[in-house]
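If you count the sequence shown from 1, you need to add 326 to reach the numbering used here.
No residue lacks a Cβ here, since even glycine has one placed at the ideal position from N, Cα and C.
Take a look at the structure below.
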Amino acid sequence: MTDLLPREVQEGLEEARRRARRASRRTRVRMDGEMFPIRDLGEHGFLLDLPERRRLRGLVDVFDGARHLFRALIVAAAEEGDAMRYEFKLTTPASDAPALDYARAPDAPAGLIGRV
């Protein structure tokens with residue numbers, strides 16, 4: 327089919343596909359206060375369109391909309407066309423509660439009522 331369309335039309339279609347992918351993505355990665363939309367998120371890494379071919383490395387936070395999913399250490403793995411694939415070295419799930427410094431019993435009460 328690409329043989330039948332003029333080059334300008336093919337470029338326009340490709341640009342429209344890129345815009346549609348960008349608009350439909352909710353998952354994002356944050357590094358140094360900047361947010362980048364994730365094109366493809368998998369178990370071992372993710373794929374990003376990056377402006378100016380900037381390479382990310384180190385500690386990042388991954389979000390689905392406003393919900394914090396996890397924090398990860400990443401390294402650049404491979405260039406894939408106009409995008410870069412990153413792999414996770416370590417992932418830590420996000421939690422909205424502070425970490426406990428003791429083991430909680432499974433039958434422990436939720437709270438104690440004091441004397442009145």
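C-alpha gap between residue i and residue j, whole angstroms
{"i": "Leu367", "j": "Val442", "result": "54 Å"}
{"i": "Arg354", "j": "Ala423", "result": "22 Å"}
{"i": "Leu331", "j": "Lys415", "result": "43 Å"}
{"i": "Leu385", "j": "Gly440", "result": "44 Å"}
{"i": "Glu413", "j": "Ile400", "result": "6 Å"}
{"i": "Leu382", "j": "Gly437", "result": "44 Å"}
{"i": "Gly359", "j": "Arg393", "result": "16 Å"}
{"i": "Pro432", "j": "Phe396", "result": "25 Å"}
{"i": "Gln336", "j": "Ala342", "result": "10 Å"}
Beta strand (DSSP E) segment containing residue i, residue limits
{"i": "Tyr412", "result": "409 to 419"}
Proximity to residue i [Cα-Cα], best of the options
{"i": "Leu376", "options": "Thr418, Phe362, Ala342, Met357", "result": "Phe362"}
{"i": "Arg380", "options": "Arg352, Met410, Thr417, Glu406", "result": "Met410"}
{"i": "Leu374", "options": "Leu395, Arg352, Arg393, His394", "result": "Arg352"}
{"i": "Phe372", "options": "Glu337, Asp387, Ser421, Leu438", "result": "Asp387"}
{"i": "Ala398", "options": "Gln336, Val335, Glu334, Met357", "result": "Met357"}
{"i": "Arg344", "options": "Ala434, Phe389, Gly407, Leu426", "result": "Gly407"}
{"i": "Ala402", "options": "Glu337, Gly338, Tyr428, His370", "result": "His370"}
Residue i, buried or exposed, once every other Cβ within 10 Å from all chains shown has been counted against 16
{"i": "Arg365", "result": "buried"}
Could you give the uninterrupted runs of the beta strand (DSSP E) lying entirely in the segment 350 to 411, keeping only those of 3 residues or more? 353 to 357, 360 to 367, 371 to 374, 384 to 390, 393 to 406
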